[in-house]
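Input: a single structure, listed below in structure tokens.
In this note's numbering, the protein residues as written are 2 to 79.
This is how it looks when you write it as structure tokens:
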């Protein structure tokens, strides 16, 4: 039940078994989503998010604790 609802019956690239479907999904990801053109198209968004992270870090007082894991993990979820 869990795999049907939350993992799309294990048909996405992260959970599917190796085979024709997996190879086709990998090809789509590499050629379409991770192409040089697509990666470059998001450069300004990445730069803005890094600037926001740095501003957030600078706004903390020198003696305050910062949870870098949460801040960096938040960047990866974009």
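Don't be surprised by glycine CBs; every beta carbon is placed ideally from N, CA and C. Just so you know, these numbers come straight off a predicted model, no measurement behind them.
Beta-carbon spacing of residue i, residue j below 8 Å
i: residue 76; j: residue 49; result: no
i: residue 36; j: residue 26; result: no
Residues near residue i by beta carbon distance below 8 Å, same chain, minus five either side
i: residue 72; result: 54, 57 and 58
i: residue 39; result: 33
Distance between residue j and residue i (C-alpha atoms, nearest Å)
i: residue 21; j: residue 46; result: 34 Å
i: residue 33; j: residue 70; result: 30 Å
i: residue 29; j: residue 44; result: 21 Å
i: residue 60; j: residue 74; result: 19 Å
i: residue 42; j: residue 63; result: 36 Å
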